[in-house]
Amino acid sequence: MKSKKPLISIIVLTYNGLAYTRLFLKSFMAKTTYSSHELIIVDNGSNDGTVDYLNMLKMTRVIPGLKVILNDKNLGYAAGNNVGIKQARDEYILIVNNDVILVPGWIEGLYEGFLKAGDDCGIIGPVTNRVKGMQRIQDPPYKGLDEMEKYALSLKDKIGSGSLKEVERVIGFCMLVKKEVFDSIGLFDPEFKEGNFEDDDLCFRVRKKGYRIYYSEGIFIHHFGGKTFEANQIDNSRLHKQNKWIFIRKWGVINYLKLRIKNSKTLRRYLQRFVK
116 MKSKKPLISI IVLTYNGLAY TRLFLKSFMA KTTYSSHELI IVDNGSNDGT VDYLNMLKMT
176 RVIPGLKVIL NDKNLGYAAG NNVGIKQARD EYILIVNNDV ILVPGWIEGL YEGFLKAGDD
236 CGIIGPVTNR VKGMQRIQDP PYKGLDEMEK YALSLKDKIG SGSLKEVERV IGFCMLVKKE
296 VFDSIGLFDP EFKEGNFEDD DLCFRVRKKG YRIYYSEGIF IHHFGGKTFE ANQIDNSRLH
356 KQNKWIFIRK WGVINYLKLR IKNSKTLRRY LQRFVK
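Below, the structure written as structure tokens:
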């Protein structure tokens, strides 16, 4: 085990949704105990007061070392995060949405997962209450955020941050990525624009390069989910369909099915239709 903590660059993208950004940063300041990090917030042309709020944070130095990057317009999820990734100077890059609530030890837990997974690990994510895929814990037993933190800490005590599940993909709401991965395969594909499937595309390229992907079964982060889409009245269903076909055009329908269908029997049934 390394004795020295690696540097971690944390990238947060904002596009309106100021109320959730405030909640996120409140939890970030209160719950982030991992000291060897930098926080880079990239704003995608917000017009709801987010820019003034971020400038105030930077000016008052409430968050030490905070970097704020203000885009003139909405570049989309992929390209917006790429702006932050290009500014990252650290060994690991942590992509996290602004509509999550953090708990103590969240960064340490994800990094400990990397140590256990080994040198060929490329990405690790946490579990959560609201995503599509294997990282979701169905109906976790808490009602408010105070109960959420107790639940998250009890889950970590019970399972441990080193309990890993290897998967085809993790969801982009929170993912810890080795910087060497981005250096090797490139950044998020900006063709996916506002969001959906840019994380699938990244994970597919990561695995194609020979890296493994995991999520930590003992690290829980609360995810409100879809709040940027709601704040900006973006049709998530339309985007999902549009970007699904971008992914299929790039990588083929069989690779799409392998990423999206977690039940092996169901996957075999679908694949048999395409090989007949």
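Sequence positions in the sequence shown follow my numbering and run 116 to 391.
Heads up, the beta-carbon is just placed ideally off N, CA and C, and yes, glycines get one too.
CA nearest to the CA of ARG245, picked from ILE216, SER151, THR148 and LYS308 = It is ILE216 whose Cα lies nearest to the Cα of ARG245.
Assuming TYR135 and GLU309 make a contact with CB atoms under 8 Å, what is their CB distance in whole Å? Actually they do not touch by this definition, with Cβ atoms about 17 Å apart.
- Query: Helix, strand or coil: how does DSSP classify LEU110 here?
  - Reply: The requested residue 110 does not occur in the structure, where the chain is confined to residues 116 to 391.
Return the chain-ordered list of same chain residues with a C-beta closer than 7 Å to the C-beta of GLY287, the five sequence neighbours on each side being excluded.
-> Once the five neighbours on either side are set aside, the close Cβ partners of GLY287 are ILE210, GLU313 and ASP314.
inquiry  = Using the Cβ count rule (16 or more neighbours within 10 Å means buried), how would you classify ARG204?
reply    = Per the 10 Å Cβ criterion, exposed.
Nearest candidate by alpha-carbon position, reference ASP214, set LEU291, THR243 and ASN162 = The closest CA to that of ASP214, considering only LEU291, THR243 and ASN162, is found on THR243.
Could you give the residue range of the alpha helix (DSSP H) that holds ASP272?
-> Segment 260-274, the alpha helix (DSSP H) holding ASP272.
> Taking the C-alpha atoms as reference points, what is the distance between GLY237 and LEU354?
Replying inline: About 27 Å.
| message | Quick check for students: name the residue ranges of the alpha helix (DSSP H) that lie wholly in the segment 311-363, counting only runs of 4 or more. | response | Within the segment 311-363, the complete alpha helix (DSSP H) runs of at least 4 residues are 313-323 and 342-346.
Original post:
Is the CB-CB distance between GLY259 and GLY333 below 8 Å?
Top reply: No, Cβ-Cβ distance for GLY259 and GLY333 is not below 8 Å.
- Item | Closest Cα partner of ASP298 within the set PRO121, GLU206, LEU169 and MET144 | Considering only PRO121, GLU206, LEU169 and MET144, the residue with the shortest C-alpha distance to ASP298 is GLU206.
Check: So, helix, strand or coil for ASP158, using DSSP?
Finding: Three-state result, ASP158: strand.
Should TRP360 go down as buried or exposed, given a rule of 16 or more other Cβ atoms within 10 Å for buried?
Answer is exposed; the Cβ neighbour count stays below 16.
Take the Cβ of ASP272 as the centre, count every other Cβ of all protein chains shown within 10 Å, and call the residue buried at 16 or more, exposed below. The residue is exposed, with fewer than 16 neighbouring Cβ atoms inside 10 Å.
Exercise. For GLY277, which of GLY233, PRO255, GLU153 and LYS247 has the nearest alpha-carbon?
Worked result: Taking only the C-alpha atoms, the option nearest GLY277 is GLY233.
- Could you give the uninterrupted runs of the beta strand (DSSP E) lying entirely in the segment 187-239, keeping only those of 3 residues or more? Counting whole runs of 3 or more residues, the segment 187-239 contains the beta strand (DSSP E) stretches 207-211.
In three-state DSSP terms, what is SER394? Absent from the model: residue 394. The displayed extent of the chain is 116 to 391, so no value can be given.
- [ ] Alpha carbon to alpha carbon, how far is LEU154 from VAL127? Give it in angstroms, no decimals.
- [x] Looking at the backbone, the Cα of VAL127 and that of LEU154 are separated by about 8 Å.
Shortest alpha-carbon distance to PRO219 belongs to which of GLN253, GLY228, MET144 and ILE125?
Cα-wise, what sits closest to PRO219 is MET144.
Item to check | Sheet register partners of THR129 (DSSP bridge) | outcome: Within the DSSP secondary-structure output, THR129 pairs in a beta bridge with ASP158.
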